[in-house]
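*Asks:*
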Amino acid sequence: MKRFMKWMTESFAPRLEAFTNNIWVSSIQEAIMVAIPMIFIGSIITLISILQDFIPGMPDLTPITTFSFGLLGLFIAFLTPYVVMEKKDRHKIKLLAGMSGVSLFVMLLNPSVNEDGTIQFILERFGPSGMITALLVGVFVALVMNVCNKFSFFKKGSSLPEFIMDWFDFLVPIALVLTSGWLLVYQLHFDIFALIVSVFEPINAMGQSLTGFVLFNFIGVVLYSFGVSPWVMTPIWYAIWIPAIEENAALVAAGQDPVNINTFETFFSGWLGIGGMGATLPLVVWFLLARSKKLKSVGKATIIPSLFNINEPVVYGAPIAFNPLLMVPMWINGLITPIVVYLALDMGFARIPSQIFQLWYTPIGLSTYIMSGVNGLILLAVILLIVFVVWFPFFKLYDAQELKKEQEQN
Numbered sequence: 001m002k003r004f005m006k007w008m009t010e011s012f013a014p015r016l017e018a019f020t021n022n023i024w025v026s027s028i029q030e031a032i033m034v035a036i037p038m039i040f041i042g043s044i045i046t047l048i049s050i051l052q053d054f055i056p057g058m059p060d061l062t063p064i065t066t067f068s069f070g071l072l073g074l075f076i077a078f079l080t081p082y083v084v085m086e087k088k089d090r091h092k093i094k095l096l097a098g099m100s101g102v103s104l105f106v107m108l109l110n111p112s113v114n115e116d117g118t119i120q121f122i123l124e125r126f127g128p129s130g131m132i133t134a135l136l137v138g139v140f141v142a143l144v145m146n147v148c149n150k151f152s153f154f155k156k157g158s159s160l161p162e163f164i165m166d167w168f169d170f171l172v173p174i175a176l177v178l179t180s181g182w183l184l185v186y187q188l189h190f191d192i193f194a195l196i197v198s199v200f201e202p203i204n205a206m207g208q209s210l211t212g213f214v215l216f217n218f219i220g221v222v223l224y225s226f227g228v229s230p231w232v233m234t235p236i237w238y239a240i241w242i243p244a245i246e247e248n249a250a251l252v253a254a255g256q257d258p259v260n261i262n263t264f265e266t267f268f269s270g271w272l273g274i275g276g277m278g279a280t281l282p283l284v285v286w287f288l289l290a291r292s293k294k295l296k297s298v299g300k301a302t303i304i305p306s307l308f309n310i311n312e313p314v315v316y317g318a319p320i321a322f323n324p325l326l327m328v329p330m331w332i333n334g335l336i337t338p339i340v341v342y343l344a345l346d347m348g349f350a351r352i353p354s355q356i357f358q359l360w361y362t363p364i365g366l367s368t369y370i371m372s373g374v375n376g377l378i379l380l381a382v383i384l385l386i387v388f389v390v391w392f393p394f395f396k397l398y399d400a401q402e403l404k405k406e407q408e409q410n
């Protein structure tokens, strides 16, 4: 265990941190995080729509979701190159980079032009279905803008105003970006959406399997236990989660059953993120009953945030991170709970989430009921029991250790 801990702290964690701090990776993460409020809007509409069961004649609010969450791909296509340029201090061209990203993305939507001059788009491609395309477009545009930044039509010391020189210099990368789209769509008749669907089909199938579901949770838990925010996995997670919940919603709207278990809603609005990634709320409750003054004070300080699924204070304050005695139960829970949840949902014991609900700070019981009804709460009770039991012996050992230290100091 000591050798493993040493390797993780001295080799793996620094390399992972260097990777996640890479401008390109961090820009993708930031682009997604900036767009999160547009996803939240859809979640709020889901919450409000519950009132339709009690208020006859309440207007349909789904168009608000359609033109917020439903345009996620468009937002990502703008934000990704914009954020990359901002991080590279290319402030003059960052807005044009974002605009070029939108132009290329819309071109790649492959709209059909009718004889009367009207254009038809497939609306769902603007949203989560187009997220991967949007990320690829954003990275491509940023690469072109970055390379062309070294080129200029004008020599240093030119008498022309700087803004005029910028106009002409910016023409090259914009032309390259849009010409690339024109070649793909209108000359080669290439449908990038169809390609991405075919490429991601096996990846999505893996993500929606029991193995993929468990790995999604376990990898995030392990990273967190070593002090690395699990949100470094955001680009991978959301590439699976967002199209999955969109497909579930479409299936239910068509009168069919949802099929995708691996969604944000299952993780953080349903059963796994009890108090945050790693299911730490039960540990905080145990801390409230600790004999150690330190652990009792940690419990008091972190119980309120934990109820709203904010667990950084307990992960770094207890600490759980880099503490083998608490890391091990966190890993055990990270393996057991997704297996139980997946099997329960797959066998139909509780309803698979089919509505976007990404208000992760909603207390877990309330969000679980909204997503999956009474049976969902029963499943949550089972998961809570498991997690409480797993944490308990390790908590007792840690409490005894801390109590002994306090007694020795006195």
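No gaps in the numbering here: position 400 of the sequence shown is 400 in UniProt numbering, and each next residue is one more. Note that CB positions come from ideal geometry on N, CA and C, so glycine has one too.
For serine 292, which residues of its own chain have a beta-carbon under 7 Å away from its beta-carbon, when the five flanking residues on both sides are left out?
*Replies:* Here the question's residue 292 lines up with position 292 in the sequence shown. Same-chain partners within the cutoff: Asp399, Glu402, Leu403 and Glu406.
*Asks:* Going straight from the alpha carbon of glycine 376 to that of glycine 276, what length do you get?
*Replies:* Numbered from 1 along the sequence shown, position 376 holds the residue referred to as residue 376. Numbered from 1 along the sequence shown, position 276 holds the residue referred to as residue 276. Those two C-alpha atoms are separated by around 18 Å.
*Asks:* Give me whichever residues DSSP pairs with serine 225 in a beta bridge.
*Replies:* By 1-based counting over the sequence shown, the position of residue 225 is 225. Note: serine 225 sits in no beta bridge, so no partner.
*Asks:* Looking at C-alpha atoms only, which residue of Pro324, Pro235 and Thr118 is the closest neighbour of methionine 33?
*Replies:* The count along the sequence shown starts at 1 and reaches residue 33 at position 33. Ranking the options by Cα distance to methionine 33, first place goes to Pro235.
*Asks:* Use the C-beta contact count for methionine 327: other C-beta atoms within 10 angstroms, 16 or more gives buried, fewer gives exposed.
*Replies:* For the purposes of this step, residue 327 is taken as the residue at position 327 of the sequence shown. It is buried - the Cβ of methionine 327 has at least 16 other Cβ atoms within 10 Å.
*Asks:* Grouping DSSP H, G and I as helix and E and B as strand, with all else coil, what is serine 180?
*Replies:* In the sequence shown, the residue the question calls residue 180 occupies position 180. The answer is helix: DSSP assigns serine 180 an H, G or I state.
*Asks:* By a C-beta neighbour count over all protein chains shown, 10 Å radius and 16 as the cutoff for buried, is lysine 94 buried or exposed?
*Replies:* Your numbering for residue 94 matches position 94 in the sequence shown. By the neighbour-count rule (16 or more Cβ atoms within 10 Å), lysine 94 is buried.
*Asks:* Using only alpha-carbon positions, find the residue among Ile378, Val228, Phe126 and Ser209 that is nearest to isoleucine 240.
*Replies:* Mapped onto the sequence shown, residue 240 falls at position 240. For isoleucine 240, the nearest C-alpha among the options comes from Ser209.
*Asks:* Whose C-beta lies closer than 7 Å to the C-beta of leucine 71 among residues of the same chain, with five residues either side of it excluded?
*Replies:* By one-based count along the sequence shown, residue 71 stands at place 71. Around leucine 71: Phe126 and Gly127.
*Asks:* Ends of the alpha helix (DSSP H) at residue 417?
*Replies:* Nothing in the structure corresponds to residue 417, since the chain is present only between 1 and 410.
*Asks:* May I ask which residues mark the beginning and end of the alpha helix (DSSP H) holding isoleucine 32?
*Replies:* In the sequence shown, counting from the first residue as 1, residue 32 sits at position 32. For isoleucine 32, the enclosing alpha helix (DSSP H) has its first and last residue at 23–34.
*Asks:* For threonine 337, tell me which candidate among Gln355, Ile122, Leu188 and Thr211 has the shortest Cα-Cα distance.
*Replies:* Looking up residue 337 in the sequence shown gives position 337. With distances taken between Cα atoms, threonine 337 lies closest to Thr211.
*Asks:* From the DSSP secondary-structure annotation, give me the bridge partner or partners of isoleucine 119.
*Replies:* Taking the first residue of the sequence shown as 1, we reach residue 119 at position 119. DSSP output for isoleucine 119 lists Val113 as bridge partner(s).
*Asks:* Any idea what DSSP makes of valine 259, helix, strand or coil?
*Replies:* For the purposes of this step, residue 259 is taken as the residue at position 259 of the sequence shown. If DSSP states are grouped into helix, strand and coil, valine 259 belongs with coil.
*Asks:* Classify tryptophan 237: buried if its beta carbon has 16 or more other beta carbons within 10 angstroms, exposed otherwise.
*Replies:* Locating residue 237 in the sequence shown gives position 237, where the first residue counts as 1. The residue in question, tryptophan 237, is buried, as its Cβ has 16 or more Cβ neighbours within 10 Å.
*Asks:* Alpha carbon to alpha carbon, how far is glycine 220 from serine 297? Give it in angstroms, no decimals.
*Replies:* Locating residue 297 in the sequence shown gives position 297, where the first residue counts as 1. Locating residue 220 in the sequence shown gives position 220, where the first residue counts as 1. Approximately 27 Å, taken between the alpha carbons.
*Asks:* Can you tell me whether glycine 348 is helix, strand or coil according to DSSP?
*Replies:* As a working note, residue 348 is residue 348 in the sequence shown. If DSSP states are grouped into helix, strand and coil, glycine 348 belongs with coil.
*Asks:* In the region 37–77, which residue ranges form an unbroken alpha helix (DSSP H) of at least 4 residues, counting only runs that do not cross its ends?
*Replies:* 62–66
*Asks:* On the premise that glycine 73 lies in contact with glycine 130, defined as a C-beta separation below 8 Å, what is that separation, rounded to the nearest angstrom?
*Replies:* Counting from one through the sequence shown, the residue named residue 130 turns up at place 130. Counting from one through the sequence shown, the residue named residue 73 turns up at place 73. The C-beta separation of glycine 130 from glycine 73 comes to about 3 Å, placing the pair in contact by the 8 Å criterion.
*Asks:* I'd like to know if alanine 194 contacts chain C, where contact means its C-beta is closer than 9 Å to some C-beta of that chain.
*Replies:* This model lacks chain C altogether; it includes just one protein chain.
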